[in-house]
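In our numbering, the protein residues as written are 238 to 627.
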Ligand code: ADP
Ligand code: MG
């Protein structure tokens, strides 16, 4: 994020609220390299931060008023929304303001004396593209308030509060990956995260140094049924864990998978969900091992296997995502898979630097030939997690 962006956001804050902000903070969106839908099964994930960030200029208030403004609503013509922190209540707000207010609510619920704020924000994380614009929004607000109110909370603690804001206040049953990625990722690294205890390991992930690139292909598809389907998958995983007598599917070891599937009998739906989660956890561990041993190219087929599992077992892909993966692989990509919640959003493609142009062009042509909306393709380089920028 450039110094210019921070200055511009501070300037707009001053226009809106009549004074300089006390500070400016940034929090990134993310892509998930591997480990999909494992984060609500106590499993493993491996996201990294994007250079795209939500940037917030923030000042404290002592009068219980919370004022919110986003440059990205109605082309910056949306008004300032004014709320009272005492009035904040779960699921009372169906607008974008639920994300930042939910964070204030969660902090206050946890006993932190947040007495109000003026907030102006602007984000370069595309919303609804599976790149976690919502978590970026939550985390940037949480970090700003943590600093300004001197709360002393660590990144993982902020992530937990943001997840609670999204689960309870917004009413979206998301796992802990997105918020932790935004709060805790480091530039040049992917974050190996155990979502059971939030223990973390930063894994060096510098593809450019090895002559490779990672492309993000935003299909621009957002299926309206994704929320209900997400809830169904989550409920199915919980049913599988209950049937197997474990706390979470993470507790089913990979080499006990066949025995576990046998025990599930003819409940084909639950068997498929369980198979995805248990094999996906295994794929995360495989990718970590390959990266740590320097065998980076070998992660390609693991990513591709992850896509097949999401498509065939978890059943959350869509024709556009499958087309990205199939076309990229047919044109020399080392690996490719959908990333994020599914039913649209983005795919990632691992390719040799020399093949990037061919892969990109072939995907664009395939979309045109299929009559799909043109995808947005960009290169993702692991960027920094949330931080103060001014
Ligand atoms: P994702 O996190 O994959 O981008 P979500 O549906 O979880 O998708 O979150 C998108 C929502 O987050 C938007 O509908 C909007 O309410 C909110 N949002 C994201 N970015 C902004 C922004 N810059 N300004 C205001 N609201 C935003
Ligand atoms: Mg989100």
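For every residue, glycine included, the Cβ atom is placed at its ideal position computed from N, Cα and C.
Reference residue i; option with closest CA among the options
i, options, result
"residue 494", "517, 472, 411, 465", "517"
"residue 323", "482, 264, 308, 299", "299"
"residue 456", "613, 402, 275", "613"
"residue 557", "532, 514, 603", "603"
"residue 554", "340, 452, 579", "579"
"residue 316", "332, 301, 327", "332"
"residue 435", "594, 422, 426", "422"
"residue 403", "329, 617, 357", "329"
"residue 419", "304, 378, 409", "378"
"residue 491", "454, 515, 375, 569", "515"
"residue 429", "522, 594, 320", "522"
"residue 628", "582, 489, 576", "It is not possible to answer for residue 628, since the shown part of the chain is limited to 238 through 627."
"residue 611", "617, 620, 601, 619", "601"
"residue 546", "520, 283, 243, 534", "520"
"residue 338", "314, 382, 312, 287", "382"
"residue 566", "577, 552, 540", "540"
"residue 375", "397, 389, 386, 367", "397"
"residue 513", "389, 534, 487", "487"
"residue 312", "284, 359, 282, 345", "359"
"residue 314", "241, 252, 279", "252"
"residue 574", "302, 496, 548", "548"
"residue 551", "577, 564, 535", "577"
"residue 483", "497, 471, 470", "497"
"residue 308", "384, 292, 386, 302", "292"
"residue 445", "241, 618, 255, 340", "618"
"residue 395", "343, 366, 275, 471", "343"
Heavy atom of the ligand MG within 7 angstroms of residue i beta-carbon
i, result
"residue 369", "yes"
"residue 335", "no"
"residue 372", "yes"
"residue 415", "yes"
Residues near residue i by beta carbon distance below 6 angstroms, same chain, minus five either side
i, result
"residue 400", "413, 416"
"residue 296", "258, 259, 355"
"residue 289", "266, 361, 362"
"residue 318", "305, 334"
"residue 388", "349"
"residue 564", "599, 600, 603"
Contact test: residue i Cβ vs the ligand ADP heavy atom, cutoff 7 angstroms
i, result
"residue 329", "no"
"residue 585", "no"
"residue 468", "no"
"residue 307", "yes"
"residue 294", "no"
"residue 577", "yes"
"residue 366", "yes"
"residue 629", "The structure shown does not extend to residue 629, since the chain is modelled only from 238 through 627, so no value can be given for it."
"residue 381", "no"
"residue 617", "no"
"residue 291", "yes"
Same chain, Cβ closer than 7 angstroms to residue i, five either side skipped, listed in chain order
i, result
"residue 294", "246, 247, 250, 258, 261, 357"
"residue 607", "560"
"residue 538", "572"
"residue 473", "506, 507, 510"
"residue 620", "265, 286, 287, 288, 424"
"residue 447", "533"
"residue 485", "278, 279, 478"
"residue 347", "398"
"residue 390", "383"
Residues of its chain near residue i, where Cβ-Cβ distance is below 8 angstroms and the 5 sequence neighbours each way are ignored
i, result
"residue 480", "500, 501, 504, 507"
"residue 409", "371, 403, 464"
"residue 468", "410"
"residue 569", "588, 589, 592, 595, 596"
"residue 616", "450, 451, 452, 453, 593"
"residue 283", "269, 270, 271, 272, 427, 428, 429, 430, 440, 521, 524, 525"
"residue 336", "371, 374, 375, 378, 402, 403, 407"
"residue 393", "417, 420, 421, 435, 437"
"residue 605", "611"
Distance cut-off 7 angstroms: residue i Cβ against heavy atoms of the ligand ZN
i, result
"residue 360", "This structure simply doesn't include the ligand ZN; it includes the ligand ADP and the ligand MG instead."
For this session: Go through the stretch 559-597 residue by residue and report every complete run of the alpha helix (DSSP H) that reaches 4 residues or more, in order.
Result: none
For this session: Only counting runs of 3 or more residues, tell me where the beta strand (DSSP E) segments fall wholly within the stretch 462-493, in order along the chain.
Result: none
For this session: Indicate whether the contact test is met: 3 or more Cβ pairs, each with one atom in the stretch 618-625 and one in the stretch 262-278, closer than 8 angstroms.
Result: yes
Problem set entry | Inter-stretch contact (C-beta, 8 angstroms, three-pair minimum) for the stretch 574-594 and the stretch 268-276 | yes
For this session: Jot down the residue ranges of each uninterrupted alpha helix (DSSP H) in the stretch 295-359, minimum 4 residues, whole runs only, in chain order.
Result: 335-346
Exercise. At which residue ranges does the stretch 368-406 contain complete alpha helix (DSSP H) runs of 4 or more residues, listed in the order of the chain?
Worked result: 370-385, 392-401
Problem set entry | Residue ranges of each beta strand (DSSP E) within the stretch 259-288, 3 or longer | 260-269
For this session: Specify whether the stretch 526-537 and the stretch 441-456 touch according to this definition: at least 3 beta carbon pairs, one from each stretch, less than 8 angstroms apart.
Result: Contact between the stretch 526-537 and the stretch 441-456 is present, because at least three Cβ pairs lie under 8 angstroms.
For this session: Jot down the residue ranges of each uninterrupted beta strand (DSSP E) in the stretch 431-458, minimum 3 residues, whole runs only, in chain order.
Result: 436-441
Exercise. Whole alpha helix (DSSP H) runs in the stretch 523-552 with 4 or more residues, listed along the chain?
Worked result: The qualifying runs are 536-545.
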